[in-house]
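Chains as they are written, first to last, in the numbering used here: chain A, 1 to 226; chain B, 1001 to 1388. Even glycine gets a Cβ: it sits at the ideal position worked out from N, Cα and C.
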């Protein structure tokens, strides 16, 4: 057992909120989106569309807040430390991330026995988290392109023409929802498969002691000095 | 205009059982369609009455089913639209022409020599086999189109086939069918094209465009081009979705749907969204203008819209009773997008399940494996003597 310590500095309170809002908005959007795609029970279309149009703005505003906050809020520089730096620096590739892409991949595929050193996040983790930003924007673009009040604007209509019409745009939007669902499933799995401390921290802001690391990724303390 | 012209047209209309009142009402509906006020009705009536003398028109048939001709001609019950089109000096129309063979071709040739006529083109442009998929009077369909398009003042492409190939160009498109506008752009002919998709075309739109282009002078003034969208479709006809003007829209918002045909929901006139209605992505004013002399239209008569006014409408609309189109997957065949998503999601779930078993077996579930004390990369470098 070598679980790193989970301190509040890893997820400052504002990010606990933005994460909650993301979760609620994505669940609401996926549910109402599925309903709009195929109304599997009666009497809900008006509400489903209202939900969809409300939460799409919630998700976009939340994304904007999250991006702005990353330049102003300080968060922990790596796992198992209370040392902080501006959040954006922990997002972009850090020194501890260098040369670690293949080891992480090998670890996930059981080709490497010991746990690779990671920075704030592992390489794959950073890539997939950052990928949610263009994914959200793509969902917004394809969604607005099939949303009556906006679809005739040339910015959206040009894209619709380019993909071959509104039906194709609808299907792309539908697949982006699936991409979110798959991302969420894999994310929830990987975050919790070695223990639920990450969930306790991000949802309830509860800390858990564990292994502590120094700036070089060396273990310097914590549970049993592993 | 001379008073006698009025008498001629009203005599003609009376002979076909159409009263003067019917005729003026019809001109009123054209005015409404063109976005003009009621005060334009006398002008339209006068223009129509004098129409025959203004510009000759030629109607060519490309690769299609002739349904658009049927839609307009409605031979068993001529209506005002038919008569108005009769008046438009249709000097040559392959399907309905009395003349045959050399005589008919000579009539067309006579028109083509004088620039300034209107060309109404029905059907797809079939380019396959060097154009030999369609031959008329000894030449290929594409030669005939190029010849006719050169001197035309404007081309009205009626029906989806003429717009972009329509159902003829649906996969696998062996005739290499395309529309008039894309074909002419390819061969460098710049005659303006007004596109009127749907399968078949609605006669009201043809009359509206002919009145606008031919009689109200919007071609000379250039105003017609301002009324077209990027695909050459008049915005006042193809500017809004069927869904937004649908009489069943209330049922859609209420969540009242027809789940299958032959049910009580269908009898109640509920929304046809779940049985594949393509109204939400089809831009035509069918719910407003309607069909068959404004008697009814597809959704009103109980059938989901199949999206025949969309570009490439068969490929993006089929299967017509499904919410989504099929995806033509290589070596799998036509597949619904939901099936693809389900397979990918199932594979992901299976993958995560197997991975979880692996995590369990390797004892990583309780905190993961022990951490490496340095990166593999650094260890290798140290072995090479590089130091850290």
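Scan the stretch 1320 to 1376 of chain B and note each continuous beta strand (DSSP E) run of 3 residues or more that stays entirely inside, going in chain order.
Counting only runs of 3 or more residues that sit fully inside the stretch 1320 to 1376 of chain B, the beta strand (DSSP E) segments are 1327 to 1329, 1333 to 1335, in chain order.
Among 60(A), 117(A), 210(A), 94(A), which residue has its Cα nearest to the Cα of residue 23(A)?
Ranking 60(A), 117(A), 210(A), 94(A) by CA distance to the CA of residue 23(A) puts 60(A) first.
Considering residue 64(A), what are the terminal residues of the alpha helix (DSSP H) in which it resides?
Here the alpha helix (DSSP H) through residue 64(A) covers 45 to 69.
Counted within 10 angstroms of its Cβ, other Cβ atoms place residue 1281(B) as buried (16 or more) or exposed:
By the 10 Å Cβ count, residue 1281(B) comes out buried.
Minimum Cβ-Cβ distance from residue 104(A) to chain B less than 8 angstroms
Taking Cβ atoms only, chain B never reaches closer than 8 angstroms to residue 104(A), which makes this a no.
Strictly below 7 angstroms CB to CB, what residues from chain B border residue 113(A)?
The answer, in chain order, is 1369.
Put residue 143(A) into one of helix, strand or coil per three-state DSSP.
It is helical.
Residue 1060(B) - containing beta strand (DSSP E), residue span:
Start and end: 1057 to 1061.
I want to see whether chain B comes within less than 8 angstroms of residue 93(A), judged by CB atoms only; does it?
No, residue 93(A) lies away from the interface with chain B (no Cβ there is under 8 angstroms from its Cβ).
Considering only C-alpha positions, which residue in the set 171(A), 8(A), 192(A) is nearest to residue 146(A)?
Closest option to residue 146(A), Cα to Cα, is 171(A).
Quick check on residue 168(A) - is its C-beta less than 8 angstroms from some C-beta in chain B?
At least one CB atom of chain B sits nearer than 8 angstroms to the CB of residue 168(A).
Listing by chain order, which chain A residues have their CB less than 9 angstroms from the CB of residue 1244(B)?
148, listed in chain order.
Span of the alpha helix (DSSP H) holding residue 32(A)?
From DSSP, the alpha helix (DSSP H) with residue 32(A) extends over 13 to 37.
Residues of chain D with CB closer than 9 angstroms to the CB of residue 1316(B), please, in chain order.
Looking for chain D here will not work: the only protein chains present are A and B.
Comparing alpha-carbon positions, which option in 1195(B), 1093(B), 1200(B) lies nearest residue 1065(B)?
With distances taken between Cα atoms, residue 1065(B) lies closest to 1200(B).
With which residues is residue 1126(B) paired in a DSSP beta bridge?
Bridge partners of residue 1126(B): 1177(B).
I'd like to know if residue 220(A) contacts chain B, where contact means its C-beta is closer than 8 angstroms to some C-beta of that chain.
No - not a single Cβ of chain B is within 8 angstroms of the one on residue 220(A).
Once the 5 residues before and after residue 1075(B) are set aside, which same chain residues still bring their CB inside 6 angstroms of it?
Any reading at residue 1075(B) must be qualified, since the residue scores a pLDDT of 45, below 50, and its modelled position is unreliable; no value is offered.
Would you mind sorting residue 162(A) into buried or exposed? The rule is 16 or more other CB atoms within 10 Å of its CB.
By the neighbour-count rule (16 or more Cβ atoms within 10 Å), residue 162(A) is not buried but exposed.
Please classify residue 40(A): does DSSP put it in a helix, a strand, or coil?
For residue 40(A), the three-state secondary structure derived from DSSP is coil.
Bridge-paired residues (DSSP) for residue 1291(B):
Per DSSP, 1296(B).
Simplified DSSP state of residue 1196(B), which is helix, strand or coil
In the three-state DSSP reduction, residue 1196(B) falls in the strand class (E or B).
Per-residue contacts from residue 1376(B) into chain A (C-beta, under 7 angstroms)
Residues of chain A passing the Cβ test: 103.
Proximity winner among 1209(B), 1202(B), 1204(B), 1203(B), relative to residue 1193(B) (alpha-carbon distances)
Per the C-alpha coordinates, the member of 1209(B), 1202(B), 1204(B), 1203(B) positioned closest to residue 1193(B) is 1209(B).
How long is the line joining the alpha carbons of residue 119(A) and residue 1160(B), rounded to whole angstroms?
In a straight line, the C-alpha of residue 119(A) is about 58 angstroms away from that of residue 1160(B).
For the alpha helix (DSSP H) that residue 1226(B) lies in, which residues bound it at each end?
Looking at the DSSP string, the run of the alpha helix (DSSP H) that includes residue 1226(B) is 1223 to 1226.
Indicate the three-state DSSP secondary structure (helix, strand or coil) for residue 1220(B) in the structure shown.
Of the three classes helix, strand and coil, the one that applies to residue 1220(B) here is coil, per DSSP.
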